[in-house]
Amino acid sequence: MPAIDTRVISQELGEHLNILLARSVDHRVLETLAVVFTIVFGVGGYMYYAIRVQSK
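In structure tokens form, the structure reads like this:
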């Protein structure tokens, strides 16, 4: 089970991406944000899940 509701992410992410793309932000910034987002929520979510499973 995800730690963060995916509906919140999907609704908010689209709005923020539209703002960033409309302002012609350098693509390296967007790639960096994508990598950070993946690391924080991917690895962090896995660690949260692993700790919850171990504690049961």
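Heads up: the sequence shown at position 17 corresponds to 45 in the numbering used here, and the numbers run straight through without jumps.
Cβ coordinates follow ideal geometry from the N, Cα and C atoms, glycine included.
No experiment lies behind these values; they were computed from the predicted model shown.
Item to check | Simplified DSSP assignment, three categories, for Arg80 | outcome: In this structure, Arg80 counts as helix in the three-state DSSP scheme.
Checklist entry - How many whole angstroms separate the CB atoms of Leu58 and Leu48, which I take to be in contact at a CB cut-off of 8 Å? => result 6 Å
Item to check | Continuous alpha helix (DSSP H) assignments of at least 4 residues falling wholly in the segment 44–70 | outcome: You should have 55–66.
Checklist entry - To the nearest angstrom, how far is it from the Cα of Glu43 to the Cα of His55? => result Rounded to the nearest angstrom, the two C-alpha atoms are 17 Å apart.
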